[in-house]
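Asker: Chains as they are written, first to last, in our numbering: chain A, -19 to 96; chain B, -19 to 96. We put the beta carbon where it would ideally sit given N, CA and C, even for glycine. Note that the structure is a prediction, hence the values are computed from the model and not measured.
Number of protein chains: 2
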Amino acid sequence: MAKRVVTIEPTDRCCPSVLASPLDASQAAELASGFTALADPVRLRVLSILAAAPEGEVCVCDFVEPLGKSQPTVSHHLKILSEAGLVGGDRRGKWVWYSLNRERLADLQAALQPVE
Amino acid sequence: MAKRVVTIEPTDRCCPSVLASPLDASQAAELASGFTALADPVRLRVLSILAAAPEGEVCVCDFVEPLGKSQPTVSHHLKILSEAGLVGGDRRGKWVWYSLNRERLADLQAALQPVE
DNA sequence: ACCTCCTATTGACAGTGGTCAATGCATCGA
DNA sequence: TCGATGCATTGACCACTGTCAATAGGAGGT
């Protein structure tokens, strides 16, 4: 009979908290890079549009007109969000479909969670 | 007899949510200004130090050494946090004591709250 | 192969932001 | 009143960032 392998579920996948204890420089830099991605109105609108999309996916071309920004600018912001892990892109034919990474967003949300 | 005036209590003091519905430009700008205040490692460390302070207050002079930044730089970041409503300062004698505005921080946290 | 369409990258520009030295402004004690 | 102390402001510098026009890359269609 094979040995039973037990994998410990990492319940604390979560990032450091701002409110729990003083952050060191590297923890703070890590978190700040996440909030930097959120610190732009265009990118927040991108996230909100993705969150509200019925299929959970939005084509790049469908961002341009609602955001009122040029196509290169939209592509620029999507790249920043992608590098921050907040969205992911999937090329299908000529189009690239972006979707929200809710886990990554929840990590940043948890970093602001009040401690009991 | 005077007319009865009914004031509706605003139960939703809270800011717009990123995940509920697409944000318009002004809502996004409002939220982005909040996250901009969080988008710096020095400021995140300021907030975490304030959150961990036993008395809930920290003197400006007590930030300088832990942060490893000059006094004008610390003052600069405190001003940004103050203008964002995240901290408040109270002058007592020669010293200015800063404290955390947890409600304002909770507002930003709520903006990232997953919708059911 | 060629053309068309969608997306990404480059380059340039103006605006913003973090940093510190120097200085100004209070407050307190002598 | 004077000097010392704590904090804020100014000015300057450099790095970063948002924006768009122009261009490149890639995938289909004819």
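Among Ala64/B, Gly73/B, Ala12/B and Val67/B, which residue has its Cα nearest to the Cα of leucine 18/A?
Answerer: Ranking Ala64/B, Gly73/B, Ala12/B and Val67/B by Cα distance to leucine 18/A puts Ala12/B first.
Asker: If you count every other CB in all the chains shown that lies within 10 Å of the CB of valine 22/A, and 16 or more means buried, which is it?
Answerer: Counting Cβ neighbours within 10 Å, valine 22/A comes out buried, since at least 16 surround it.
Asker: Evaluate contact between the region 28 to 35 of chain B and the region 70 to 86 of chain B, counting only Cβ atoms and requiring at least three cross-stretch pairs below 8 Å.
Answerer: Output reads yes: the region 70 to 86 of chain B touches the region 28 to 35 of chain B.
Asker: For chain B, find out if any of its Cβ atoms is closer than 9 Å to the Cβ of threonine 16/A; answer yes or no.
Answerer: Closer than 9 Å to some Cβ of chain B, the Cβ of threonine 16/A qualifies, so yes.
Asker: Where proline -4/B and valine 54/A are concerned, what is the direct C-alpha to C-alpha distance, given to the nearest angstrom?
Answerer: So the alpha carbons of these two residues sit roughly 22 Å apart.
Asker: Does the separation of the CB atoms of glutamine 89/A and proline 2/B fall below 9 Å?
Answerer: The answer is no: Cβ separation not under 9 Å.
Asker: From what residue to what residue does the alpha helix (DSSP H) around glycine 14/A run?
Answerer: Here the alpha helix (DSSP H) through glycine 14/A covers 5 to 18.
Asker: May I ask which residues mark the beginning and end of the beta strand (DSSP E) holding leucine 80/A?
Answerer: Where leucine 80/A is concerned, the enclosing beta strand (DSSP E) stretches over 75 to 80.
Asker: Give the secondary structure of glutamate 37/B by DSSP, where H, G and I count as helix, E and B as strand, and everything else as coil.
Answerer: Note: glutamate 37/B maps to strand in three-state DSSP.
Asker: I'd like to confirm the pairing. Which residues does DSSP put opposite aspartate 42/B in its beta bridges?
Answerer: DSSP lists no partner for aspartate 42/B.
Asker: DSSP puts valine 67/A in a beta bridge; with which residues?
Answerer: DSSP output for valine 67/A lists Leu80/A as bridge partner(s).
Asker: Starting from arginine 72/B, follow its DSSP beta bridges and name the residues at the other end.
Answerer: Note: arginine 72/B sits in a beta bridge opposite Trp75/B.
Asker: What's the gap between the Cα of aspartate 42/B and the Cα of valine 44/A?
Answerer: Whole-angstrom Cα-Cα distance: 48 Å.
Asker: Please compile the residues from chain A whose C-beta is within a distance smaller than 9 Å of the C-beta of aspartate 20/B.
Answerer: The contacting residues are Ala8, Ala12, Phe15 and Thr16.
Asker: Might you give, ordered along the chain, the residues of its own chain that have their beta carbon closer than 7 Å to the beta carbon of glycine 65/B, omitting 5 neighbours on each side?
Answerer: For glycine 65/B, where only same-chain residues beyond five positions count, the Cβ hits under 7 Å are Asn81 and Arg84.
Asker: Anything in the region 53 to 86 of chain B with a Cβ closer than 9 Å to a Cβ of chain A? List those residues in chain order, please.
Answerer: If the cut-off is 9 Å between Cβ atoms, the region 53 to 86 of chain B has Leu80, Arg82, Leu85 and Ala86 near chain A.
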